[in-house]
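There are 2 protein chains.
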Amino acid sequence: MSKVYVIGLGPGADRQMTLEAVAALDRCPVIVGYTVYVDLIKTEYPDKTYLTTPMTQEVKRCQMALEEAVKGQDVAMVCSGDAGVYGMAGLMYETGVQYPDVEIEIVPGITSATGGAAVLGAPLMHDFAVISLSDLLTPWEKIEKRLKAAAMADFVICLYNPSSKKRRDYLKKACECMLEYKRSETVCGMVRNIGRDGESHRILTLEELKDAEVDMFTTVFVGNEQTKQMNGKMVTPRGYQNV
Amino acid sequence: MSKVYVIGLGPGADRQMTLEAVAALDRCPVIVGYTVYVDLIKTEYPDKTYLTTPMTQEVKRCQMALEEAVKGQDVAMVCSGDAGVYGMAGLMYETGVQYPDVEIEIVPGITSATGGAAVLGAPLMHDFAVISLSDLLTPWEKIEKRLKAAAMADFVICLYNPSSKKRRDYLKKACECMLEYKRSETVCGMVRNIGRDGESHRILTLEELKDAEVDMFTTVFVGNEQTKQMNGKMVTPRGYQNV
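Note that the protein sequences, when read in sequence, are chains A and B.
Residue numbers for the first sequence follow the working numbering, beginning at 319 and rising by one.
Residue numbers for the second sequence follow the working numbering, beginning at 319 and rising by one.
Put into structure tokens, the structure is as follows:
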């Protein structure tokens, strides 16, 4: 019986893939994914069989991958970032319950939290929380509760999916939740198109973040009480200097 | 002026390095690091100049790297996992304030949270918090506050440094904090030696985790209310199935 590899490609350019991800792609004759991500690798691997589905057909995409494995071919399901962070890894296991003989292996990738942190400097040097502002699959009340809890306990906070066409004011609402516990001058950062052409970033205060323009390609970072701006970088000290 | 690259090697074997990390190592004639991590790459790159310091001399290690860059050589400072998550990235920027002409670049790597998640299945499919149980640089009261806040808001929680010789009962104490808000049958997982020889993992309940044996090479995962055990894997559903 063949195997399905769920592979994180990293946030942008292929130089952020791991050697393990490259090896798994090499091994699989069939590559399944969301159209946009498949196009990213098609030129590198022209001799593979490609199966794609558009954005909303995630269950079907998993079934397609599992069916190919049942037929006897190793399959690579590719995802942007890390398949295990708001990605396809979980759904693949859930769908895989119907295909008990197919082995599933997750190949981790750089996720936007760590990829974006590297662009900004070193914001995640201490305890942090990762929260998605998308309420497509989560009630907004739960998102709000998490934002407030994380702000209250002085976590560094990394926001995924901070905005979309239907949710233009979500970042503003999220900032208002965090401002109940975090100072308005808290150092924040945002990175757009991590690792891709046109990558850009900005460091700003939590007050300024409230009205910042973001889109679905932006990852947002909100510092803790110690986070500083240092030579244009966002840095959360860990404390070594004080020991 | 030369450059210092702060490079995350990933949690274990070199197959978890990114292509970007490999390229940066290739480029640098000087490699600086904690003795154990430098030994991991010495056999691959025998022709480099190696500078090492033991575990506690982090500031000195950063200064050594920056001094070499001032002399005109590109330097790679290597770290296990991701240099930006409880790693050396922040301290490098802090130390770098004294060396304003040296450019610092962070090359992200797979951190234990995402590397360990891939071993266990898909525990981090929803909002999560990363907390270190080491109180070397953080008062225990702050750690406890974060554990309780994260548990109260139903985050998946990933624990770094869950134990050491001096802190044998810390995981038990942490579980007791989380049990104030999370059910005792909450699905948890632990992974030891991620990506290395002798990698092992176990899925267990939060009640069982309280008395589990862990060490400094273990990463611990505590599920949210939805997290399930599924064919021996730890899976947090994201919700696609219900849409």
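We put the beta carbon where it would ideally sit given N, CA and C, even for glycine.
If you're wondering where the values come from, they're calculated on a predicted model, not measured in any experiment.
Who does residue i pair with in a DSSP beta bridge?
i, result
"Ile-422/A", "Val-322/A"
"Trp-522/A", "At residue 522/A the sequence reads Leu, which differs from the Trp that was named. Bridge partners of Leu-522/A: Cys-506/A."
"Phe-539/A", "Cys-476/A and Gly-507/A"
"Val-396/A", "Ile-325/A and Gly-351/A"
"Met-406/A", "Its beta-bridge partners do not exist; DSSP assigns none."
"Val-553/A", "Ala-440/A and Lys-546/A"
"Thr-336/A", "Thr-336/B"
Using the beta-carbon of each residue, which ones in chain B are nearer than 8 Å to residue i?
i, result
"Gly-541/A", "Ordered by position in chain B, no residue passes the 8 Å Cβ test against Gly-541/A, which lies about 12 Å from the chain."
"Ala-341/A", "Arg-333"
"Tyr-411/A", "Gly-439, Ala-440, Met-548, Asn-549, Lys-551 and Val-553"
Indicate the three-state DSSP secondary structure (helix, strand or coil) for residue i in the structure shown.
i, result
"Val-415/B", "coil"
"Leu-369/B", "strand"
"Ser-450/B", "strand"
"Cys-346/A", "coil"
"Tyr-499/B", "coil"
"Gly-330/A", "coil"
"Lys-360/A", "helix"
"Ile-461/B", "helix"
"Lys-484/B", "helix"
"Val-532/A", "coil"
"Glu-277/A", "Absent from the model: residue 277/A. The displayed extent of chain A is 319 to 561, so no value can be given."
"Gly-434/A", "helix"
"Leu-455/B", "coil"
"Gln-391/A", "coil"
"Gln-381/A", "helix"
"Ala-468/A", "helix"
"Ala-341/B", "helix"
"Ala-401/B", "coil"
What does the Cβ neighbour count give for residue i, buried or exposed, with the cut at 16 atoms within 10 Å?
i, result
"Asn-560/A", "Summary for Asn-560/A: the model assigns pLDDT 46, below 50, so the residue's position carries little reliability; its value from the coordinates is reported in the next sentence. So Asn-560/A ends up on the exposed side."
"Asn-549/A", "exposed"
"Leu-524/A", "buried"
"Leu-384/B", "buried"
"Glu-503/A", "exposed"
"Val-415/A", "exposed"
"Met-335/A", "buried"
"Met-338/B", "Reading off the sequence shown, one finds Glu at residue 338/B, where the question assumed Met. Flag for Glu-338/B reads buried."
"Gly-402/A", "buried"
"Thr-367/B", "exposed"
"Asn-542/A", "buried"
"Glu-531/A", "exposed"
"Val-354/B", "exposed"
"Ala-341/B", "exposed"
"Pro-426/A", "buried"
"Glu-498/B", "exposed"
"Thr-552/A", "Position check: residue 552/A holds Met in this sequence, whereas Thr was assumed. Met-552/A should be labelled buried."
"Asp-515/B", "exposed"
"Arg-345/B", "exposed"
"Met-373/A", "exposed"
"Pro-457/A", "exposed"
"Pro-555/A", "buried"
What does residue i touch in chain A if you count any residue whose Cβ is under 7 Å from its own?
i, result
"Phe-473/B", "Ala-447 and Arg-464"
"Gly-408/B", "Ala-440, Met-443, Val-553, Thr-554, Pro-555 and Arg-556"
"Met-470/B", "Ala-467"
Quick one: list the residues of chain A neighbouring residue i, beta-carbon separation under 8 Å, in chain order.
i, result
"Ile-521/B", "Ordered by position in chain A, no residue passes the 8 Å Cβ test against Ile-521/B, which lies about 13 Å from the chain."
"Gly-328/B", "Thr-336"
"Tyr-404/B", "Met-443, His-444 and Arg-556"
"Val-425/B", "Ala-436"
"Asp-332/B", "Leu-337"
"Glu-494/B", "Correct list: empty, because the minimum Cβ distance to chain A is about 17 Å."
In chain A, what lies closer than 9 Å to residue i by C-beta?
i, result
"Pro-418/B", "Asn-549"
"Ser-450/B", "His-444 and Asp-445"
For a contact meaning CB atoms closer than 9 Å, what does residue i contact in chain B?
i, result
"Asp-487/A", "None at all; the shortest Cβ gap to chain B is about 20 Å."
Is residue i close to the ligand MN? I mean its beta-carbon at under 8 Å from any heavy atom of the ligand.
i, result
"Thr-456/A", "Among the components modelled here there is no ligand, and therefore nothing to report on the ligand MN."
Which residues of chain B have a Cβ atom closer than 7 Å to the Cβ of residue i, listed in chain order?
i, result
"Thr-432/A", "Asp-400, Gly-402, Val-403, Pro-426 and Thr-429"
"Tyr-352/A", "Near Tyr-352/A there are no residues of chain B at all, since even the closest Cβ is about 13 Å away, more than 7 Å."
"Val-415/A", "Met-548 and Asn-549"
Should residue i be flagged as near chain C, meaning a C-beta pair shorter than 9 Å?
i, result
"Lys-490/B", "Checking the listed chains, one finds no chain C in this structure; the protein chains it contains are A and B."
Touch test, the segment 479–487 of chain B against the segment 478–496 of chain A, Cβ-Cβ under 8 Å, three pairs minimum: no
Three or more C-beta pairs closer than 8 Å, one from the segment 321–338 of chain A and one from the segment 408–426 of chain A: is that the case here? yes
With three or more beta-carbon pairs closer than 8 Å as the criterion, would you say the segment 349–363 of chain A touches the segment 386–406 of chain B? no
Quick one: any contact between the segment 440–452 of chain B and the segment 432–440 of chain A, if contact means 3 or more CB pairs under 8 Å? no
Check whether the segment 457–473 of chain B touches the segment 419–436 of chain B, taking contact to mean three or more Cβ pairs, one atom from each stretch, closer than 8 Å. no
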